[in-house]
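Below is one structure; the comments refer to it alone.
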Amino acid sequence: MIEDHCSHPQRHVLKMEGEGTAAVACGSCAMFAILPKVARSFTCSNCMLIALLKDKVQQLEERVATLQRIRDLELFLEATEHTVSTKEETGDSPEKVASSPTQEPDIWRNVTQRSRRPRVRSDCLEIHNRFEVLSPSMEDEEQTPFEDLSLITVDQVYEDEQQRQSSGNVQATLERTAHRRTPTRPKRRRVVVIGDSLLRGTEAVICGPDKMSREVCCLPGAKIQDVTERLQGIIKPTDKYPFLLVHVGTNDTASNSLQKIKRDYEALGRKLKQLNAQIVISSVLPVERRGPGREGKIVEVNNWLRKWCKQERFGFLDHGMQFLEDGLLASDGLHLTTVGRNVFAKNLRNLIRRALN
Numbered sequence: 001m002i003e004d005h006c007s008h009p010q011r012h013v014l015k016m017e018g019e020g021t022a023a024v025a026c027g028s029c030a031m032f033a034i035l036p037k038v039a040r041s042f043t044c045s046n047c048m049l050i051a052l053l054k055d056k057v058q059q060l061e062e063r064v065a066t067l068q069r070i071r072d073l074e075l076f077l078e079a080t081e082h083t084v085s086t087k088e089e090t091g092d093s094p095e096k097v098a099s100s101p102t103q104e105p106d107i108w109r110n111v112t113q114r115s116r117r118p119r120v121r122s123d124c125l126e127i128h129n130r131f132e133v134l135s136p137s138m139e140d141e142e143q144t145p146f147e148d149l150s151l152i153t154v155d156q157v158y159e160d161e162q163q164r165q166s167s168g169n170v171q172a173t174l175e176r177t178a179h180r181r182t183p184t185r186p187k188r189r190r191v192v193v194i195g196d197s198l199l200r201g202t203e204a205v206i207c208g209p210d211k212m213s214r215e216v217c218c219l220p221g222a223k224i225q226d227v228t229e230r231l232q233g234i235i236k237p238t239d240k241y242p243f244l245l246v247h248v249g250t251n252d253t254a255s256n257s258l259q260k261i262k263r264d265y266e267a268l269g270r271k272l273k274q275l276n277a278q279i280v281i282s283s284v285l286p287v288e289r290r291g292p293g294r295e296g297k298i299v300e301v302n303n304w305l306r307k308w309c310k311q312e313r314f315g316f317l318d319h320g321m322q323f324l325e326d327g328l329l330a331s332d333g334l335h336l337t338t339v340g341r342n343v344f345a346k347n348l349r350n351l352i353r354r355a356l357n
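First residue of the sequence shown? That's 1 in full-length UniProt numbering, and the numbers climb one at a time after it.
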């Protein structure tokens, strides 16, 4: 073995005769490694891993600094917005503020001792009650807080949607700021939409605003009795006053009589009242090419449902004859097309938003 001192001051190479291998020292940690031939520069794997980790740490520090600057800018913008809104409420315009003379800094002054004024106590203290007893009409209103949902049409739902969209982005910005500043959010009310196969494909539109507290339970081929039997397993005892939207009845109109349908709805209503929930019943959608007897039966069922829901203090969503328009019903005259399903889902979603707000 021949020891060879290379020109590099930090590397020593030990050559082994006849084998073509050498022990080379790392330029960073001075650890030796056996290599097939002498390399001009050598860095061991541990040193390369350390260098890579240092680069990763440096990148993370730069990202943290960038996020901190963004956070500081957001706080500055919020403070500026609050200042501007406060000045607008008080009537101080930026021109008035700019034209007002600059205030001089506070100067320390000597304050001498002054006599305190004696407090004047009143011998007579007047006590009165500024509240009044609730009137019977107000008591009825408190007992039925959701009476405004007794009859909701599709046109009213869309009017509320347009008013909500016309409010602009200012309210949305304030809500985002309020949610960001609030440490804990209150538990949202659970929303359950249950019904027959017409609900298939409406999950994305209905549950999109709040996927954690909203769900759609689709029961293909279900009748009114099937929904009544499944309610106990869907609504949990821990749910605090949930919102329940029921859409069923289309399959019942195919084989059951009008009296049988009414009895099934009444049994469903008795079951719903045991759940301590806010209830809304959706009207039966119209059909085409299924015979005049079935079409007339659907109209009679919806007319009876409207009166029955008002009597039982349930909400009622009346779709009317909207789905008889071209392109909403499928070729079988019973199910919905993609466009019709989207319209149906938006009707239910807008009703849920109106009820929760």
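Note that beta-carbon positions come from the ideal geometry of N, C-alpha and C, so glycine has one too.
Residue range of the alpha helix (DSSP H) that residue i falls in?
| i | result |
| --- | --- |
| Q274 | Premise fails: Q274 is in no alpha helix (DSSP H) and is neither H nor E. |
| V57 | 45-90 |
Considering only C-alpha positions, which residue in the set the options is nearest to residue i?
| i | options | result |
| --- | --- | --- |
| V248 | Q259, L53, Q225 | Q225 |
| R294 | D332, A254, L329 | A254 |
| T283 | V24, G233, M321, L60 | It should be noted that the sequence gives Ser, not Thr, for residue 283. It is M321 whose Cα lies nearest to the Cα of S283. |
| L231 | A204, R270, P209, R354 | R270 |
| K297 | K262, R188, C44 | K262 |
| I194 | L268, A30, L258, K310 | L268 |
| G327 | G340, F316, H319, T90 | G340 |
| T220 | I70, D196, D318 | Here residue 220 turns out to be Pro, not Thr, going by the sequence shown. Closest option to P220, Cα to Cα, is D196. |
| T250 | T238, D239, K240, D264 | D264 |
| I279 | K211, T238, G291, A355 | A355 |
Could you compute how far the alpha carbon of residue i sits from the alpha carbon of residue j?
| i | j | result |
| --- | --- | --- |
| I34 | F42 | 11 Å |
| E74 | V84 | 15 Å |
| T144 | I281 | Note that T144 has pLDDT 38, beneath the 50 cutoff, so the model's placement of it is unreliable and the number below is only indicative. So the two alpha carbons sit approximately 16 Å from each other. |
| L199 | V216 | 8 Å |
| L275 | L336 | 31 Å |
| T21 | S28 | 21 Å |
| F76 | V57 | 29 Å |
| V205 | V343 | 10 Å |
| L245 | L329 | 22 Å |
| T338 | Q59 | 48 Å |
| L272 | G333 | 31 Å |
| V287 | F314 | 25 Å |
| T228 | S331 | 30 Å |
| K236 | V191 | 12 Å |
| E300 | S257 | 11 Å |
| P242 | H319 | 23 Å |
| T202 | N357 | 21 Å |
| K54 | R69 | 23 Å |
| P136 | Q311 | Any reading at P136 is ruled out, since the residue's pLDDT is 48, under 50, leaving its predicted position unreliable. |
| D72 | F316 | 50 Å |
Counting along the chain, where does the beta strand (DSSP E) carrying residue i start and finish?
| i | result |
| --- | --- |
| A22 | 22-25 |
| L35 | 32-35 |
| D318 | 315-318 |
Would you say residue i faces chain B, with C-beta separation under 9 Å as the test?
| i | result |
| --- | --- |
| K310 | No chain B is part of this structure, which consists of one protein chain only. |
Alpha helix (DSSP H) runs wholly inside the segment 183-263, at least 4 long, in chain order: 203-207, 224-234, 252-255
The segment 304-313 in contact with the segment 346-356 per 3-pair CB rule at 8 Å: no
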